[in-house]
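**Q** The structure follows.
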Amino acid sequence: MGGIAVNNPPDGSTHDLAQSDRGNFTSLISEIASSLVDVRPETFDRVLEVILEKVGRFTASDGAYIAQYGAKKQTLPITHLWSNKSATDAGTLGADLAAAHTRAFMGELKRSGLITLGSPHAPSDKLRREQMLLTDAGIPPLLSVPLGVKHRCIGAMGLFMSGAPQAWTEDQISLLKITAHLVTSALHHDRIEEALSNERQLLRTVIDNLPDYIFAKDTGSRFILNNTAHLRLLKASVQEEVYGKTDYDIFPKELADQYFFDEQDVIQSGRPLVNREESVLTEEGRQRWLLTTKVAWRDSDGNPQGIVGMSRDITDRKEMAEEIEKHATLLEQANAELQARNQELDEFTYIASHDLQEPLRKQVAFSDALREDLAAGDLNEVENDLATITSAAKRMQTLVRDLLSLSRSGRQAMDWEEIDLNQCVEMALDALEIRIEQEKAVVTQDTLPTVRADKTLMVQLYQNLIGNAIKFHGAAAPQIRLTVESNAEEHVLGVADNGIGIKPDYWEQIFAPFKRLHGRHEYEGTGIGLAICRKIAERHGGRIWVESAPGDGSYFKFTVPVHPGDSAI
Amino acid sequence: MTPDCSRPAVILLVEDDPDDQELTKRALRGSKLRNQLHIVNDGEAALDYLYRRGEYSEPRSAPRPDLVLLDLNMPKVDGRTVLSQIKIDPDLRQIPVVVLTTSSSEEDVARSYNLGVNSYVPKPVHMDGFIKAIQQLEHYWFELVILP
Numbered sequence: 001m002g003g004i005a006v007n008n009p010p011d012g013s014t015h016d017l018a019q020s021d022r023g024n025f026t027s028l029i030s031e032i033a034s035s036l037v038d039v040r041p042e043t044f045d046r047v048l049e050v051i052l053e054k055v056g057r058f059t060a061s062d063g064a065y066i067a068q069y070g071a072k073k074q075t076l077p078i079t080h081l082w083s084n085k086s087a088t089d090a091g092t093l094g095a096d097l098a099a100a101h102t103r104a105f106m107g108e109l110k111r112s113g114l115i116t117l118g119s120p121h122a123p124s125d126k127l128r129r130e131q132m133l134l135t136d137a138g139i140p141p142l143l144s145v146p147l148g149v150k151h152r153c154i155g156a157m158g159l160f161m162s163g164a165p166q167a168w169t170e171d172q173i174s175l176l177k178i179t180a181h182l183v184t185s186a187l188h189h190d191r192i193e194e195a196l197s198n199e200r201q202l203l204r205t206v207i208d209n210l211p212d213y214i215f216a217k218d219t220g221s222r223f224i225l226n227n228t229a230h231l232r233l234l235k236a237s238v239q240e241e242v243y244g245k246t247d248y249d250i251f252p253k254e255l256a257d258q259y260f261f262d263e264q265d266v267i268q269s270g271r272p273l274v275n276r277e278e279s280v281l282t283e284e285g286r287q288r289w290l291l292t293t294k295v296a297w298r299d300s301d302g303n304p305q306g307i308v309g310m311s312r313d314i315t316d317r318k319e320m321a322e323e324i325e326k327h328a329t330l331l332e333q334a335n336a337e338l339q340a341r342n343q344e345l346d347e348f349t350y351i352a353s354h355d356l357q358e359p360l361r362k363q364v365a366f367s368d369a370l371r372e373d374l375a376a377g378d379l380n381e382v383e384n385d386l387a388t389i390t391s392a393a394k395r396m397q398t399l400v401r402d403l404l405s406l407s408r409s410g411r412q413a414m415d416w417e418e419i420d421l422n423q424c425v426e427m428a429l430d431a432l433e434i435r436i437e438q439e440k441a442v443v444t445q446d447t448l449p450t451v452r453a454d455k456t457l458m459v460q461l462y463q464n465l466i467g468n469a470i471k472f473h474g475a476a477a478p479q480i481r482l483t484v485e486s487n488a489e490e491h492v493l494g495v496a497d498n499g500i501g502i503k504p505d506y507w508e509q510i511f512a513p514f515k516r517l518h519g520r521h522e523y524e525g526t527g528i529g530l531a532i533c534r535k536i537a538e539r540h541g542g543r544i545w546v547e548s549a550p551g552d553g554s555y556f557k558f559t560v561p562v563h564p565g566d567s568a569i
Numbered sequence: 570m571t572p573d574c575s576r577p578a579v580i581l582l583v584e585d586d587p588d589d590q591e592l593t594k595r596a597l598r599g600s601k602l603r604n605q606l607h608i609v610n611d612g613e614a615a616l617d618y619l620y621r622r623g624e625y626s627e628p629r630s631a632p633r634p635d636l637v638l639l640d641l642n643m644p645k646v647d648g649r650t651v652l653s654q655i656k657i658d659p660d661l662r663q664i665p666v667v668v669l670t671t672s673s674s675e676e677d678v679a680r681s682y683n684l685g686v687n688s689y690v691p692k693p694v695h696m697d698g699f700i701k702a703i704q705q706l707e708h709y710w711f712e713l714v715i716l717p
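As structure tokens, then:
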């Protein structure tokens, strides 16, 4: 556009600017431009109205307007209007103007960049209908320019007169075009701002409603964004409380160090830190487990801006997994215990079918023999038969009693208390007094510890082991030593003798119920004693074993845990 | 080895229980067959006898048995071990073995036959039953069967 031309309208009237107005023209434009700089969204409409009024008055028009497309260009309402007529007419005026901005009108506007209606040299017949509409509304002369850049037309801006048709001057046209250009930029900027703000709001709504912790930090690892969940974790209610803080302001130094170096590494290398398991202590002292991912955040030119982090609280999941594992372990234990009990039951069944049947079978068989011998009148044999029957019956009695004893040692409720093993030994020796005297046994002992155990069972354990040491003596009188060796976990208690000893083959077998290594004619007994000893040791969470060589004595050892825990049954 | 009629049949009884030893003695006493009964108290002694070791090193004290009556459940070396030892030894495997036991569990029976036991006689509860069984054995082994 070249300078300010002077047009002489046909009716002789002139809207040309006087020389003195030239300066005003320039200052008006700069005024308009500056009013649009840094305009706040809430005052934007008002600013546009003021601009319309200024332009309208400067060009001595009767009115000025802005029309903008609505959503999807379905409508084109007049959004801003200034008129020198009374305010009451503004409504109809706006509607009449809007009606004239038809599709054809806007098409022409876009094509030619300028429309004048009601001027003596009206451009074409195309917009005759629109011109009619305006003439009917009393505003035949109209000057309109498009709002928008290039092909993106967002509306129109124009000036109008009431009254007779007239021509528009170059100055009016220039001023309108320049103003439209300025308004377009401002509207564009406003729309971008709005779009950005909407987008920000959308993203904020998304991250604030995620249960995961989301945060962003700058290159110095200072928080610049935290979602609601993360703010809550950090005991903050609004973003400002945390903004600019670092982990050093929140977590212990050791933890903050770790986070800081992790993040610096991500920022520098660009490699993300994926699914790192981290544990944090909440203010209530509860431990929480987080699964954290940190990725580098760069601007569009690839310059590091900081990191974006996402943390998921996996405490519940972890605790559940632990719980499940605990249950599995318990189940396994219960299963093992059940299996042990089953095996025990099998042993009992076997014992009942074999060992208990033996004396019964003898009684029946020797009753037959007795009948024969009575018939034959062999009184010596009769005496033998009766002795055998009686002894079988007694054996049966002992077997039943021992079986009950074994059963009890395994099933009776344990009475845990602090007991002095020296006292247990004393009680066991009291019970064995007669046999000790008979066999001239000598018992020596270390000072035994105080342990947590069931007293009755411990007395029985010692009584059985010392009793065996007396029973299986060699040529010499029994010499029995009671020993102890303790470490941090257990006491190893021993009963050593100088008896006949046991071959290594039998070191295991002897602890099975009714396992006897000797015929009845050699040594009395049912073979239950050591089975009971094993049961007692195991119920206290300990073990029992023997070290021995034939002819060289036996050394029975059993353990009692210093701190009986879950292993005791 | 067919027993020759001029000498009594040698029977080795491997039995730990004195009452069962007594019962076996009684049963054999009532038998028509002339026999010489040797008794050992456990499996270890049985192997010592068969291999003429220890107290059985004198051949006259331990004549080779024509029949072994073997109890399965014994302390120390049990009857099953004795049986498998007899059956893997080329010299001893000819000796017929009869298992005498209260154990009637299928596993024991099957295992004994697998090891090549010649007969399996559960110890009967009644005396006459037991005597009958022993006498039948004698009849079977010494009169009817041509032994290898």
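For the protein sequence lines, the chains are Y and C, in the order given. Under this note's numbering, the first residue of the first sequence is numbered 1, with each subsequent residue one higher. Under this note's numbering, the first residue of the second sequence is numbered 570, with each subsequent residue one higher. C-beta: ideal position from N, C-alpha, C; glycine also.
Please confirm if Asn-604 (chain C) has its CB atom under 9 Å from at least one CB of chain Y.
**A** no
**Q** Kindly indicate if chain C contains any beta-carbon less than 9 Å away from that of Thr-390 (chain Y).
**A** no
**Q** According to DSSP, is Val-37 (chain Y) part of a helix, a strand, or is it coil?
**A** coil
**Q** Using the C-alpha atoms, what's the distance from Ala-195 (chain Y) back to Leu-202 (chain Y)?
**A** 10 Å
**Q** Indicate whether Phe-556 (chain Y) and Arg-543 (chain Y) have their beta-carbon atoms separated by less than 9 Å.
**A** For Phe-556 (chain Y) and Arg-543 (chain Y), no; Cβs fall outside 9 Å.
**Q** What alpha helix (DSSP H) runs, 4 residues minimum, are completely inside the segment 582-643 of chain C?
**A** Segments of the alpha helix (DSSP H) lying fully in the segment 582-643 of chain C: 587-598, 612-619.
**Q** On the CB-based measure, 16 or more other CB atoms within 10 Å of its CB, does Val-37 (chain Y) come out buried or exposed?
**A** exposed
**Q** Note down, in chain order, all residues in the segment 648-660 of chain C with a beta-carbon under 7 Å from any beta-carbon belonging to chain A.
**A** Within the model displayed, chain A is absent; protein chains Y and C are what it includes.
**Q** Taking buried to mean at least 16 other C-beta atoms within 10 Å of its own C-beta, is Ala-376 (chain Y) buried or exposed?
**A** exposed
**Q** What are the boundary residues of the alpha helix (DSSP H) that Asp-96 (chain Y) is part of?
**A** 90-100
**Q** For Pro-717 (chain C) and Leu-360 (chain Y), I'd like the C-alpha separation in whole angstroms.
**A** At Pro-717 (chain C) the pLDDT is 44, less than 50, meaning the model places this residue with poor confidence and gives no usable figure here.
**Q** Got a sec: which bits of the segment 574-588 of chain C sit with their beta carbon under 8 Å from any beta carbon on chain Y, in order along the chain?
**A** Asp-585, Asp-586, Pro-587, Asp-588
**Q** Report yes if the C-beta distance between Ala-71 (chain Y) and Met-106 (chain Y) is below 9 Å; otherwise report no.
**A** no
**Q** Hey, does Glu-624 (chain C) have any beta-carbon neighbour from chain Y nearer than 9 Å?
**A** no
**Q** Taking a contact to mean a Cβ-Cβ separation below 9 Å, would you say Ile-664 (chain C) touches Leu-636 (chain C) in this structure?
**A** yes
**Q** On the DSSP letters alone, give me the boundaries of the alpha helix (DSSP H) that Phe-105 (chain Y) sits inside.
**A** Where Phe-105 (chain Y) is concerned, the enclosing alpha helix (DSSP H) stretches over 103-112.
**Q** Do you know offhand how far Leu-641 (chain C)'s Cα is from Arg-452 (chain Y)'s?
**A** Roughly 44 Å between the two C-alpha positions.
**Q** Check whether chain Y comes within 9 Å of Arg-598 (chain C), counting only Cβ atoms and requiring the distance to be less than that.
**A** No, Arg-598 (chain C) lies away from the interface with chain Y (no Cβ there is under 9 Å from its Cβ).
**Q** Taking the alpha-carbon positions, what's the Pro-550 (chain Y) to Gly-501 (chain Y) distance?
**A** 4 Å
**Q** Checking 9 Å against the spacing of the C-beta atoms, do Val-47 (chain Y) and Ser-35 (chain Y) come in under that value?
**A** yes
**Q** Closer than 6 Å by C-beta to Phe-58 (chain Y): which residues in its own chain qualify, once you throw out the five before and the five after it? Chain order, please.
**A** Around Phe-58 (chain Y): Leu-28.
**Q** To the nearest angstrom, how far is it from the Cα of Asp-368 (chain Y) to the Cα of Val-382 (chain Y)?
**A** A direct Cα-to-Cα measurement between Asp-368 (chain Y) and Val-382 (chain Y) gives close to 11 Å.
**Q** Hey, does Ala-369 (chain Y) have any beta-carbon neighbour from chain C nearer than 9 Å?
**A** At least one CB of chain C lies nearer than 9 Å to the CB of Ala-369 (chain Y).
**Q** Could you tell me which of Y:Gly-158, Y:Asn-498, Y:Ala-475, Y:Leu-461 sits nearest to Ala-469 (chain Y), measuring between CA atoms?
**A** Y:Asn-498
**Q** Between the alpha carbons of Lys-645 (chain C) and Cys-424 (chain Y), how many angstroms are there, rounded?
**A** 33 Å
**Q** Return the chain-ordered ranges of every alpha helix (DSSP H) run that is complete within the segment 350-436 of chain Y and spans a minimum of 4 residues.
**A** 357-376, 379-411, 421-431
**Q** Where does Gln-663 (chain C) sit, in a helix, a strand or coil, going by DSSP?
**A** It is coil, neither helix nor strand.
**Q** Kindly provide the ranges of any beta strand (DSSP E) runs that are 3 or more residues long and lie completely inside the segment 450-486 of chain Y, ordered along the chain.
**A** Taken in chain order, the unbroken stretches of beta strand (DSSP E) that lie wholly in the segment 450-486 of chain Y and span 3 residues or more are 450-454, 479-486.
**Q** Report the rounded CA-to-CA distance for Ala-441 (chain Y) versus Arg-481 (chain Y), giving the unit in angstroms.
**A** Approximately 11 Å between the Cα atoms of the pair.
**Q** Could you pull out every residue in the same chain whose Cβ sits closer than 8 Å to the Cβ of Thr-219 (chain Y), ignoring the five residues on either side in sequence?
**A** Ile-267, Pro-304, Gln-305, Gly-306
**Q** Is Gly-302 (chain Y) buried or exposed, if buried means 16 or more other CB atoms sit within 10 Å of its CB?
**A** exposed
**Q** Can you list, in chain order, the residues of its chain whose CB lies under 8 Å from that of Phe-251 (chain Y), leaving out five sequence neighbours each side?
**A** Tyr-259, Val-280
**Q** With 9 Å set as the bound, which would you pick, yes or no: does the beta-carbon of Leu-592 (chain C) sit closer than that to a beta-carbon of chain Y?
**A** yes
**Q** Among residues of its own chain, excluding the 5 on either side of Lys-54 (chain Y), which ones have a beta-carbon nearer than 8 Å to its beta-carbon?
**A** Leu-28, Glu-31, Ile-32
**Q** Answer yes if the segment 406-417 of chain Y comes into contact with the segment 453-469 of chain Y, meaning at least three C-beta pairs across the two stretches below 8 Å, and no otherwise.
**A** Three or more beta-carbon pairs drawn from the segment 453-469 of chain Y and the segment 406-417 of chain Y are found closer than 8 Å, and the two stretches are therefore classed as touching.
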